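Reviewing the structure listed below.
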Amino acid sequence: MQTGYCHKLFAVFLLCAGGSPLADTYRWVDDNGQVHYTDQQRGAKSQVLKSYSNPGAARDRSQDRMEKTRKLLNAYQLERRQKREQRAAEQAAEEKRIRKCNRARDDIRRYNSYRRIYNLDQDGQRVYLSDQQRAELMQRAQDRVTRWCG
Numbered sequence: 039m040q041t042g043y044c045h046k047l048f049a050v051f052l053l054c055a056g057g058s059p060l061a062d063t064y065r066w067v068d069d070n071g072q073v074h075y076t077d078q079q080r081g082a083k084s085q086v087l088k089s090y091s092n093p094g095a096a097r098d099r100s101q102d103r104m105e106k107t108r109k110l111l112n113a114y115q116l117e118r119r120q121k122r123e124q125r126a127a128e129q130a131a132e133e134k135r136i137r138k139c140n141r142a143r144d145d146i147r148r149y150n151s152y153r154r155i156y157n158l159d160q161d162g163q164r165v166y167l168s169d170q171q172r173a174e175l176m177q178r179a180q181d182r183v184t185r186w187c188g
């Protein structure tokens, strides 16, 4: 993932690092009559070719490129934040599932180890479960194990 991010950042850098479109181009003819084109003036016979780019447009394009770069970097940052939040949510859900699974397994172990299971009433007196109630309690605990432990 880190490598992909570096590749994207490098591509953005290349877009922004283009050459200057404002350099003049000169046309000159050597002693043999051959025509040459350069970016540096060669003697008095050099002619400046008409430049079709205007400096204001170049600045506008540069600003557009910078804005696009900024938007792209913001999009990457947003994407990374969303992935980080998603991973955190998935991890929290997994931890919750593990806690509930362990609790359900502990309930089954406890129910199997007790000979008789009881609840306390309002007066604090023990009310023992019948065999049918105990079987229902065990079935609910087993259902929780199936649900949370998969």
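Residue numbers (the working numbering): 39 to 188.
Built from N, CA and C at the ideal position, the CB exists for glycine as well.
Small disclaimer: the values here were computed from a predicted structure and weren't measured.
Buried versus exposed call for A113 [16 or more other C-beta atoms within 10 Å across all chains shown]: exposed
Neighbour-count burial assignment, A179, 16 or more Cβ in a 10 Å radius: buried
Cα-Cα separation between Q171 and Q177, rounded to whole angstroms: Near 10 Å, if we compare the C-alpha coordinates of Q177 and Q171.
Per-residue burial, A142 [other beta carbons within 10 Å of its own, 16 or more giving buried]: buried
Range covered by the alpha helix (DSSP H) that runs through R153: Unbroken run through R153: none, as it is neither H nor E.
Pairwise C-alpha distance: V165 and S151: Those two C-alpha atoms are separated by around 18 Å.
Reduced DSSP secondary structure (H/G/I, E/B, other) of Q79: Here Q79 sits in coil by DSSP.
Residue interval of the alpha helix (DSSP H) (run including L167): Counting along the chain, L167 falls outside any alpha helix (DSSP H), and DSSP gives it neither H nor E.
Test item: CB-CB of W186 and K134 under 7 Å: no
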